[in-house]
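Residue numbers (the working numbering): 796 to 1737. From the three backbone atoms N, C-alpha and C, an ideal C-beta is built for every residue, glycine too. Values in this document were obtained by computation on a predicted structure and should not be read as measured data. Everything on this sheet refers to the single structure shown next.
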């Protein structure tokens, strides 16, 4: 209360208010009908003071307010602001937000497939567009004052993350950088790097959610709280949160109630009372169905909700299940508004395409307030779902995790069906970072008092593991930066080789590697102090004990080597003897669980060949199948035969013998004992040790006995110190190799890339050749392959549709690798050109191997994928959408996305292709026009 202030305090407060009114922040705050949070104010004040900022805060906390303040400052100062995002959908959404505030004239949009008002003072763009502008020295960079990098934690992405670091490193010094990130555990480290490469950067970290988050598990009819005491509700409160004991009891009951008919108690089956108890438990615990979950949340007032299902087909199936269950979440008025919005937004889609796109089924779900959201959907359909969800006209969305990446679609409740997802290689548990990102959608600021995250009960669920996911708020930011061919020629062209190398050493990747070296260097220092102490401990007054210890070590190493050679030789002899066995041979198994007399039924299969069981191979020699004298049929391994084995006798195996029949086994085992039970196997004579006749061992023993230290009374004490010295010295050398491996790693990779490009005549010292300048205009994973195809004229003479088919191989990657079915290809010139592209890739792959550039390390050219060539050819040949999608067996959304990527690369090729004596540039532009029609041409900007 101002009445309680002293005159001096009132005067100071008035001065503070007047000072604030004089700032740019004061009028900016009045644009919002809510107060700004402390972290937002702190970041905005730092920006106004001329500093760069890194803001790390949870999803939904309002980080973008800081980015919008940078836009506000740029307009006040008469400068430009570029607002970058990782995905086009987010760019489109941000563009719409800024247009609403500042008008069409002041806001532009640049993505791979859209260019709107490119000369505006505020331009929203994908990060790749800004990177390309920086390398091209675009005039649009003139007057640039601020760059906002939304979702900057994307630099961890192993496929695209390098682009963020390229932009941060290459932006002019005069540009103020605003970095907006999810909450990461090493924000200070990232801030230190930004401080190094960009100058004064303020790091602002907020870990509190604006809307409290409650965590639940839904099992059967009951919703359990995950934590017994949730006083901090997803923040970082001081109270300790314990897992709900009811949930732990449920897990114990579930995990102990598995009925196994082999279980016996005192010789009887599990008692009826136990089975009755199990039936009662089963009636209380089950995983609720999707319609059941939505109905339950609707009844408890917890809609709108997003259910994350890690499968596109699962999302579509969930919508169908809700429709079949008769679920309706909208009243008649809401249905009418839905239909109006949908018809308006899809008016440009030809009626003949609507059926192909599943429009009517999609519309039915929307009218009922239910929808799917995934990358396989047409972009227009996804945007309509987002708009209806924000308006409250869609109340249940079933989505893949791509929805969690920045799109503004908050819900009251988020549901996770499972805590496991397919990561492209295997089914893996979701990480704490992924869990935080997904559940961060729960709780709408200014609408909900609290948000809810609900995990559906699954058999075998561990509440403790779930609590660990929910309790870990942050995850570390790790650089994925690697130099590329395009990057190398652009850098050398602008800065020369030496300066380029220095620039790359300023990357966050090298910064993190150098920091990790600090700890290892300290350990090396400690080890060296320890080595000095051990050296003193092994000092002998009679002579050089280090030399004596070396002789002893050499003797030990030589004896070990000979012992290994002897063991390997015996194994080889044993394997060779097993390969000579035939069905009917009677042998004596020398060792193991089944040692004794045995009859060979099947000698096994030679190494590397299949034994009849699919996917099973013998990599360690034959594994004979035998019948033992005790009537057991077993497949033996080489470990059962440490010494060679020879047949003792031969027996005929009856044709009627069935190894699964106890009677057959009994009869044949009896015959085996009768035939050979009296034979004593020859004992394998132990061979003379190789060490006994080894000249090197004899020499070392002689030198050891002649050494002065051999006669020392404290010899064995000295030897123990010497052994410790040797072990620590070996460990220290390993650490030094690790330091060497981490120091200048990025620069060394750059050197190898430059060497390869020099070999191919793209570079000559600091000069970029004409071919190199062409490569500098080609961005993408297969930049070098595209450049080689242009240089060798692979695409000359192709018509636009054939060229589109070939270029598709540069961008397309099948969702499921190693498809057994060969893709359908266009015939004639296009097929020949695609074959030539694969041949050139093979040559480049061999060259990369020679220069030690490996795809596993994120450097190099992957094999071109021909799986989209036929679809691109058909679409560019003016075929109908129905026919193209049917033959491609691909969702409309995927088809549109791949077409747009092909269009993007065709545009690059049109700009990079030779102008004289070449048809490629002209046909690339025609191919763009051929592809940019129908569903592909629908504008994704509302």
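- Taken atom to atom, the span from the alpha-carbon of residue 1305 to that of residue 1245 is near 42 Å.
- Close CB contacts of residue 1330 within its chain, under the 7 Å cut and outside five residues either way in sequence, are with 1520 (chain order).
- Boundaries of the beta strand (DSSP E) harbouring residue 875: 875-880, taken from the DSSP string.
- A Cβ-Cβ contact shorter than 8 Å links residue 1448 with residue 1396.
- Secondary structure note for residue 1428: its beta strand (DSSP E) is the uninterrupted segment 1428-1430.
- Looking only at 831, 955 and 1168, the smallest Cα-Cα distance to residue 922 is reached by 955.
- Remark: C-beta atoms of residue 1103 and residue 1181 do not approach each other more closely than 8 Å.
- In this structure, the CA atom of residue 975 is about 46 Å from the CA atom of residue 1626.
- Put simply, the region 1173-1190 touches the region 1144-1162. At least three CB pairs are less than 8 Å apart.
- Inside the region 1135-1160, DSSP marks whole alpha helix (DSSP H) runs of 4 or more residues at positions 1146-1149, from first to last along the chain.
- With a cut-off of 8 Å on Cβ pairs, the region 1632-1641 is in contact with the region 1656-1675, counting three or more such pairs.
- Residue 958 is not a Cβ neighbour of residue 862, given a cutoff of 8 Å.
- Judged by DSSP in its simplified three-state form, residue 1521 adopts helix.
- By the neighbour-count criterion, in which 16 or more other beta carbons inside 10 Å mark a residue as buried, residue 1081 falls on the exposed side.
- Only buried fits residue 1419, as 16 or more other CB atoms lie within 10 angstroms of its CB.
- DSSP, reduced to helix, strand and coil, places residue 1321 within a helical segment of the structure shown.
- A straight line joining the alpha-carbon of residue 936 with that of residue 1271 spans about 32 Å.
- Between the region 1132-1142 and the region 1172-1179 there are three or more inter-stretch CB-CB distances shorter than 8 Å, so the stretches are counted as touching.
- Inter-segment contact for the region 1240-1259 and the region 991-1008 is present: three or more beta-carbon pairs are separated by less than 8 Å.
- Counting only the Cα atoms, residue 1301 lies some 28 Å from residue 874.
- Spanning the alpha carbons of residue 1087 and residue 1101 requires a straight line of approximately 15 Å.
- Residue 1003 and residue 1299 have their C-alpha atoms spaced approximately 36 Å apart.
- For the options 1294, 1354 and 1229, the alpha carbon positioned closest to that of residue 1264 is the one of 1229.
- Uninterrupted alpha helix (DSSP H) stretches at least 4 residues long and entirely within the region 1223-1255 occur at 1227-1234, given in chain order.
- Residue 1602 and residue 1095 have their C-alpha atoms spaced approximately 53 Å apart.
- Counting only runs that start and end inside the region 935-971, the beta strand (DSSP E) elements of at least 3 residues fall at 939-944.
- Counting the other CB atoms within 10 Å of its CB gives residue 829 a total below 16, which places it among the exposed residues.
- Ranking 1702, 1213, 1109 and 1436 by CA distance to the CA of residue 1166 puts 1109 first.
- Non-local beta-carbon contacts of residue 1646 in its own chain, meaning distances under 7 Å to residues more than five positions away in sequence, involve 1547, 1550 and 1551 in chain order.
- For residue 888, no pairing in a beta bridge is given by DSSP.
- If you compare the alpha carbons of 1353, 1463, 1451 and 1365 with that of residue 1394, the shortest gap goes to 1463.
- Per DSSP, the beta bridge partners of residue 1102 are 1193 and 1210.
- Where residue 1662 is concerned, there is no enclosing beta strand (DSSP E), because DSSP gives it neither an H nor an E.
- With respect to residue 1492, residue 1350 sits close: the two C-beta atoms are nearer than 8 Å.
- Shown here for residue 1577: same chain residues with a beta carbon closer than 6 Å to its own, the five before and five after excluded, namely 1605 and 1656 in chain order.
- Remark: fewer than three beta-carbon pairs, one from each stretch, lie closer than 8 Å, so the region 1676-1691 and the region 1576-1592 are not flagged as touching.
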